[in-house]
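Residue numbers (this note's numbering), protein chains in the order written: chain Z, 1 to 126; chain A, 1001 to 1412.
Everything on this sheet refers to the single structure shown next.
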Amino acid sequence: MDDLYRDYILEHYKRPKNFGELDPHDLEALEHNPLCGDELGVHIRVRDGRIEDLRFHGHGCAISQAAASIASEELKGMSLKDVAELDADWMIDLLGIPVSATRRKCALLNLKVVRGAVTGDRAWPA
Amino acid sequence: MPPVAERTLEVRADFPIFARRFDGRELIYLDSGATSQKPQVVIDALADHLQSHNANVHRGVYALAQEADAAYEEARQKVAAFVGAAAETTIFTKNVTEAINLIAYSWGRANVGAGDAVLITQMEHHANIVPWQVLCRERGATLRYLEVDERGELSLEALDAELARGDVRIVAFAHVSNVLGTINPVAEMTRRIRAAGAISLVDGAQAVPQMGVDLGSLGADFYAWTGHKALGPTGVGVLHGRRELLEQMEPFLTGGDMIASVDFQSASWNELPYKFEAGTPPIAEAVGLGVAVEYLSGLGMENVRAHERALTAYMLERLVEVPGLRVVGPPEAEHRGALASFTLEGIHPHDVAELADRGGVCIRAGHHCAQPLMRCLGVGATARASVGVYNEASDIDALVSALNAGREVFGL
Ligand SMILES: Cc1ncc(COP(=O)(O)O)c(C=O)c1O
């Protein structure tokens, strides 16, 4: 079996969850992966300080798309306060595959976008 | 039947990196468009210079300093002669990016004003876009783009139409595109540009390493390239310019070496080419580049081009065997430089490069510093395989096998 391109990664890549537009939405952000020009945006609907629903849009590699898809399931229902605290390890652990230094930004792009929408902080998750 | 035409070079043994093993495997390097590997003679020249001839240039009277001076100037002679230029109008920079910035700054700020236009093309590298954006924003000028057609080529009629508008001061364009591979008709373009009273700047970063370049017949006012793609070391680029233009221009960077004399409040400029070489130049790097172009001349640039064209033709032929693969740029190897950018249906270019690496094959993926072009092509990114003098048909075979294996991983 492939270390990186596990079945579930490819499954999420081919049929990503929570992709599309969400209108109306309360928060949004759009980010690029400077490495490859990939683009990922998010629409978030908030209720009682929590992410009620969200949708990603854009294009990217298997790692970035699968990471966004997997994260989207966890993010639903999470309080904005908790979202602001999420770090790189959270995402990498969730992804469950060995991510090389060059592919790290692919994996973290979705968290960067979501944190940007929620907190306005556009830094790469550390 | 041999897959590639008879006229192939066999020089891999000259490049020591190919003796290295990566997890027991040979290096299959198809990324020469990004940077070339270096022959032993260049590595030796760098080491020999640092070991035996190192001193700063231009100011020393002792014998060692004179040796360093002579080595640096001899490198300039070799580099100039390699492309049919004069040594005094051949300026060493850090890379082609700095050379283009030099023109945008020194020539551009004196000659481009409000209401003027700078014309570039949709196939430019960011190095030949961003300096013009900054110049135009600063001067209130407009930046216009020549379109790339569906074959990945420019149209001379469109160039004529742009020039006829009468506001174009400079046209800056790539000799060979680093994404499409397109070889632009430089001589025909510079003739039209000159006739319209505009200035031409050609980005030869991809051209000089792979084809004979004769500045006399190309007719460009400025021609810039970068050493590390032409078998030379990193840290050295080259700018050639027409003497009258260079003489009129103010310096780009200022400081030591570029002055004739310095007063408390002012300074006067050194003669060409030193006026544009502020500070200690890349001495060892220039020496290395001199040996690199000597090595290329030894192979014969027509043989280099024949070798790489044959490999490119073979690559184009083999790549289309991969289901879902689409190559961008001119369809015939005749009309393109030694590279192929492509997309593979169902697999993102980043993953394509990762999967190629599983087969031990080094290719590049991304926007190749040409985001406007990517937008025109309607893709976010491509994968790119590019060949150099040391590549062989078996490298292309390895790429195709890796791509097919990659499709299986993705269940395609
Ligand atoms: C066409 C072209 N122009 C400019 C550059 C920039 O070269 P450098 O980074 O050496 O300045 C490159 C290489 O990346 C290129 O392919």
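We treat Cβ as the ideally placed atom computed from N, Cα and C, and that holds for glycine.
Note that the structure is predicted; figures quoted are calculated from it, not measured.
Taking C-alpha positions only, VAL1291 of chain A is separated from ALA1045 of chain A by approximately 7 Å.
Here TRP1269 of chain A has PRO1251, MET1258, ILE1259, ALA1260, LYS1275 as same chain residues with Cβ atoms under 7 Å from its own Cβ, once five neighbours each way along the sequence are excluded. GLU11 of chain Z has its alpha-carbon roughly 15 Å from the corresponding atom of ASP3 of chain Z. What HIS57 of chain Z touches in chain A, judged by beta-carbon distance under 7 Å, is nothing: the nearest beta carbon there is about 13 Å away. It is roughly 13 Å from the alpha-carbon of ASP1167 of chain A to the alpha-carbon of CYS1136 of chain A. With a threshold of 8 Å between beta carbons, ALA1356 of chain A makes no contact with chain Z. From the listed residues A:ILE1017, A:GLU1088, A:VAL1134, A:GLU1067, the smallest Cα separation to GLU1247 of chain A is found for A:GLU1088.
A residue is called buried when at least 16 other Cβ atoms come within 10 angstroms of its Cβ; GLN1051 of chain A does not meet this threshold and is exposed. At a Cβ-Cβ threshold of 8 Å, HIS1228 of chain A and THR1234 of chain A count as neighbours. Close to GLY1411 of chain A, with beta-carbon spacing below 9 Å, are these residues of chain Z in chain order: ASP7, LEU10, LYS14. Set against 7 Å, the gap from the CB of THR1182 of chain A to the closest heavy atom of ligand 1 is not smaller.
In the three-state reduction of the DSSP assignment, LEU1296 of chain A falls in the helix class, which pools H, G and I. Annotation for ASN33 of chain Z: the continuous beta strand (DSSP E) segment containing it runs 27–33. In the DSSP assignment, PHE1342 of chain A forms a beta bridge with A:VAL1327, A:ALA1383. For ASP1351 of chain A, the neighbours in chain Z by C-beta distance under 8 Å run, in chain order, TYR5, CYS61, ALA62, ILE63.
Relative to the non-hydrogen atoms of ligand 1, the Cβ of CYS1362 of chain A never comes closer than 7 Å to any of them. Shown here, THR1312 of chain A sits in a helix according to DSSP, grouped into three states.
Against chain Z, the beta carbon of HIS1348 of chain A has neighbours under 7 Å at GLY60, CYS61, ALA62, listed in chain order.
For GLY1359 of chain A, none of the residues of chain Z pass the 7 Å Cβ criterion, the least Cβ distance being about 13 Å. At the C-beta level, VAL1236 of chain A and ALA1286 of chain A come within 8 Å of one another. Chain order gives no chain A residues near ASP48 of chain Z, where near means a beta carbon separation below 8 Å; the closest approach is about 37 Å. Of the residues assessed, THR1280 of chain A falls on the exposed side of the cut-off, its CB having fewer than 16 other CB atoms within 10 angstroms. DSSP places LEU1156 of chain A in the helix class (H, G or I) of the three-state scheme.
In this structure, DSSP gives GLU52 of chain Z an extended state, which the three-state scheme calls strand. Under the Cβ criterion of 8 Å, ASP89 of chain Z is not counted among the residues facing chain A. Beta-bridge partners of ASP1031 of chain A (DSSP): A:SER1386. Each of Z:HIS59, Z:ARG50, Z:LYS14 was checked against the Cα of ASP26 of chain Z, and the nearest Cα belongs to Z:ARG50.
Of the residues assessed, GLY1406 of chain A falls on the buried side of the cut-off, its CB having 16 or more other CB atoms within 10 angstroms. Residue environment for SER100 of chain Z: exposed (fewer than 16 other C-beta atoms within 10 angstroms of its C-beta). Non-local C-beta neighbours of THR1254 of chain A in its own chain, meaning closer than 6 Å and more than five positions away in sequence, comprise ALA1278, ordered along the chain. Taking C-beta atoms as the reference points, ARG1336 of chain A and GLY1204 of chain A fail to come closer than 8 Å. The alpha carbon of SER1217 of chain A has as its nearest neighbour, out of A:PRO1185, A:ALA1196, A:ALA1195, A:ARG1243, the alpha carbon of A:PRO1185. Using a Cβ-Cβ distance cut-off of 8 Å, the segment 1095–1102 of chain A and the segment 1305–1312 of chain A are not in contact, since fewer than three pairs of beta carbons, one from each stretch, lie closer than that value. Separation of TRP90 of chain Z and ILE63 of chain Z (C-alpha to C-alpha, rounded to the nearest whole angstrom) is 15 Å. Within the DSSP bridge table, the entry for LEU75 of chain Z names no partner.
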